[in-house]
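Protein chains in written order, with the working numbering: chain A, 4 to 461; chain B, 69 to 367. Yeah, the Cβ is synthetic: ideal placement off N, Cα and C, and Gly gets one too. Each remark here refers to the structure printed beneath this line.
Following this line, the structure appears as structure tokens:
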């Protein structure tokens, strides 16, 4: 398996870290590694050249070379440079105030995820209090309009299909439809097209001319390789888009393309698309993205994700746990939380340094099958045993082991883990009583909320 | 448009880039090797393969005393072609055959199934399409449109049905009808989603177990994919034991170098490449032709 960008940089900086003072040669070695790593992360070749040159210049500053911690300084410079390149502020949609309906148009290559992104965008706008209308202007791909109609139906947004033949006619029709039905935003989904397909590019321009969109967003697959530069340059020249939606970022692609797009077209990345569900369209955070690329961990991301899955019920559960102690059922529900968040591996990958540690572990050590085993053991316990694990004696252990198909040792291990967590729980309870007051309780709630998903029982 | 022409057109950009290097001058110098490596990297071949190929070529140049850049052109094409393993069996012509198409979202699985069905029908082969993408909205409708165009029956179930049981039914129906070629479309999924990968492994296992005719699992990969394509291929291969690849969307400016990286690292043959929108643009893959087109050898 080839090294990911973060692994490569980490290796380089580990080497640098051993040194008190860096020479120009050291910087050259580091820059070579960075160059290779960025290339493997699909950052475009030319962009890499510029980027590395800029970083090198800054690193050769005497302040960096003479400082006590040159390696950290190099890391900081690379990170800053990366963040700047990705765009320094969070971008939002800019819609004309005095126009109804506003129009957003989506363009991109085949299979980049336009239709899915259209539905997600509609969902996002709807949740912000808008009343969007989806216009199915992909008249080329079979059943594209059906797909949009189904997705629209799922999120409760109406879809305008027109005659399903002439894309421009559908687009203009959708504006009238929006006026008639009091929709304030029209999202125009267009057919996927190659940037060298003259006829299709002409169609995109014609749609643009017909509906004069407030915003044109280009959907770019995060897994795209070097060619991304040719694609976005041509789209920028012909249709001139305003921003980018990066799709399929829930995979393990490093998304180096994001760097290239910014550098080559100067267009901001406005959203990132992180999965199949309609709510998985997120605002782009350049700083987080840069950190993620550099393997510094997306800690903010973990907390947000934990907060998303932790609902009111779980906060109540947490309070009950503090009052009455931690049961096996609680352990089980934590386990299921982890699954909801995308499994151990995904969470671990977001914690700083963990990615590297995981690389060194034998494969399967961080396997979610461990979760399944623990689940099986807990499922083999009686209700009473789950509520009061203290009553589990030798006889019961044997029965649980047989019932779950695991060894007695594994059952023991689980009980020991539970015991430790329970002790931790009572410590926290003590802390809370000491601190007392409303403020302490709130802090504890916050802690529990984060713990709900992030805390690992082993 | 013939095979060479369409392939040539698709690969025009990369050929121009490589031509630039070759025409730079007669004698090759350090700069030449560096540029060559960079160009290969730019074609999404991956730094690893690019370096290995250049190093090998360098040795060969020293050994055979190849001092002129255009002499190296032949050597490079042959060297690149060696990276591709050859297919022992073509699952689309060695019949009877059952092929499962897997890949990430938007790679072009459904379209590929549609095109292959059309070609099989034209060649007079009794063909059956299975729609095991019961997840994506309107995937079944899309496949049915392709089926109607090709004049091939599509066996599927409603959205949300268990894809493994759909496959079971498809194979059963194919046996009943005596179909010679069975093409099964599956739902696109990211290789990082372990649950979905397990589901797919089940689909593949059920089909392999139930089917009386040879089953091939083919990974469909988008030519514009970058180095992440390797991760994809590794994960899909680990979970499903792939038989080969189909590379789509080679008609753009993407060089499809990732195809070379995957094919050589995993030892998977490339069965077909997609170089355009029409039925005929799904071509049989020929490593040397592909590489010659890539380096722009006198075509």
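First and last residue of the uninterrupted beta strand (DSSP E) at residue i
i, result
"residue 135 (chain A)", "135 to 140"
"residue 320 (chain B)", "Segment: none, residue 320 (chain B) is in no beta strand (DSSP E) and carries neither H nor E."
"residue 273 (chain A)", "272 to 276"
"residue 463 (chain A)", "With chain A covering 4 to 461 only, the question about residue 463 (chain A) has no answer from this structure."
"residue 222 (chain B)", "222 to 224"
"residue 262 (chain A)", "No beta strand (DSSP E) holds residue 262 (chain A); the alpha helix (DSSP H) holding it covers 259 to 268."
"residue 285 (chain B)", "283 to 290"
"residue 196 (chain B)", "195 to 200"
Assigned exposure category for residue i - 16 Cβ within 10 Å defines buried
i, result
"residue 357 (chain B)", "buried"
"residue 299 (chain B)", "buried"
"residue 79 (chain A)", "exposed"
"residue 161 (chain B)", "exposed"
"residue 394 (chain A)", "exposed"
"residue 150 (chain A)", "buried"
"residue 201 (chain A)", "exposed"
"residue 238 (chain B)", "buried"
"residue 2 (chain A)", "Any answer about residue 2 (chain A) is impossible in this case: the structure gives chain A only from 4 up to 461."
"residue 130 (chain B)", "exposed"
"residue 438 (chain A)", "At residue 438 (chain A) the pLDDT is 48, less than 50, meaning the model places this residue with poor confidence; the figure from the coordinates comes in the next sentence. The residue is exposed, with fewer than 16 neighbouring Cβ atoms inside 10 Å."
"residue 466 (chain A)", "There is no way to answer for residue 466 (chain A), as the model of chain A reaches only from 4 to 461."
"residue 63 (chain A)", "exposed"
"residue 337 (chain A)", "buried"
"residue 369 (chain B)", "Since the first residue shown for chain B is 69 and the last is 367, residue 369 (chain B) is missing from the structure and cannot be characterised."
Through-space distance from residue j to residue i, alpha-carbon basis
i, j, result
"residue 117 (chain A)", "residue 406 (chain A)", "49 Å"
"residue 340 (chain B)", "residue 128 (chain B)", "31 Å"
"residue 118 (chain B)", "residue 129 (chain A)", "48 Å"
"residue 355 (chain B)", "residue 115 (chain B)", "20 Å"
"residue 122 (chain A)", "residue 250 (chain A)", "13 Å"
"residue 273 (chain A)", "residue 97 (chain A)", "11 Å"
"residue 279 (chain B)", "residue 120 (chain A)", "38 Å"
"residue 279 (chain A)", "residue 134 (chain B)", "53 Å"
"residue 265 (chain B)", "residue 257 (chain B)", "8 Å"
"residue 171 (chain B)", "residue 203 (chain A)", "26 Å"
"residue 281 (chain B)", "residue 247 (chain B)", "10 Å"
"residue 184 (chain B)", "residue 350 (chain B)", "8 Å"
"residue 325 (chain B)", "residue 113 (chain B)", "4 Å"
"residue 164 (chain B)", "residue 191 (chain B)", "14 Å"
"residue 338 (chain B)", "residue 315 (chain B)", "7 Å"
"residue 353 (chain B)", "residue 223 (chain B)", "29 Å"
"residue 240 (chain B)", "residue 95 (chain A)", "53 Å"
"residue 318 (chain B)", "residue 136 (chain B)", "31 Å"
"residue 240 (chain A)", "residue 102 (chain B)", "31 Å"
"residue 108 (chain B)", "residue 359 (chain B)", "12 Å"
"residue 320 (chain B)", "residue 342 (chain B)", "10 Å"
"residue 271 (chain A)", "residue 180 (chain B)", "34 Å"
heavy atom of the ligand SAH below 8 Å from residue i C-beta
i, result
"residue 381 (chain A)", "The ligand content of the structure shown is nil, which means the ligand SAH is not present either."
As assigned by DSSP and simplified to three states, the class of residue i
i, result
"residue 370 (chain B)", "Nothing about residue 370 (chain B) can be read from this structure; chain B reaches only from 69 to 367."
"residue 161 (chain A)", "coil"
"residue 334 (chain A)", "helix"
"residue 107 (chain A)", "strand"
"residue 187 (chain A)", "coil"
"residue 199 (chain A)", "coil"
"residue 285 (chain A)", "strand"
"residue 204 (chain A)", "helix"
"residue 356 (chain B)", "helix"
"residue 135 (chain B)", "coil"
"residue 316 (chain B)", "strand"
"residue 169 (chain B)", "strand"
"residue 242 (chain A)", "coil"
N- and C-terminal bounds of the alpha helix (DSSP H) containing residue i
i, result
"residue 397 (chain A)", "397 to 407"
"residue 342 (chain B)", "Residue 342 (chain B) -> not in any alpha helix (DSSP H); beta strand (DSSP E) instead, spanning 338 to 342."
"residue 186 (chain B)", "177 to 190"
"residue 115 (chain A)", "Here residue 115 (chain A) belongs to no alpha helix (DSSP H), and DSSP marks it neither H nor E."
"residue 271 (chain B)", "262 to 278"
Chain A contacts made by the region 188 to 214 of chain B, where a contact means CB separation under 9 Å: 203, 204, 205, 206, 207, 208, 209, 210, 211, 212, 213 and 214
Chain-ordered residues of the region 96 to 114 of chain B with a beta carbon less than 8 Å from chain A: 106, 109, 110, 111, 112 and 114
Residues, ordered as in the chain, of the region 326 to 347 of chain B that lie near chain A by beta-carbon distance below 8 Å: Residues 326.
Residues, ordered as in the chain, of the region 138 to 149 of chain B that lie near chain A by beta-carbon distance below 7 Å: none
Where the region 123 to 142 of chain A meets chain B: residues whose CB sits under 7 Å from a CB there: Taking 7 Å as the Cβ-Cβ cut-off against chain B, none of the residues of the region 123 to 142 of chain A qualify.
Short-range partners of chain A found in the region 158 to 191 of chain B, where Cβ spacing is below 9 Å: 172, 173, 174, 175, 176, 178, 179 and 182
Residues in the region 249 to 270 of chain A having any Cβ partner in chain B nearer than 8 Å: 251, 253, 254, 255, 256, 257, 259 and 260
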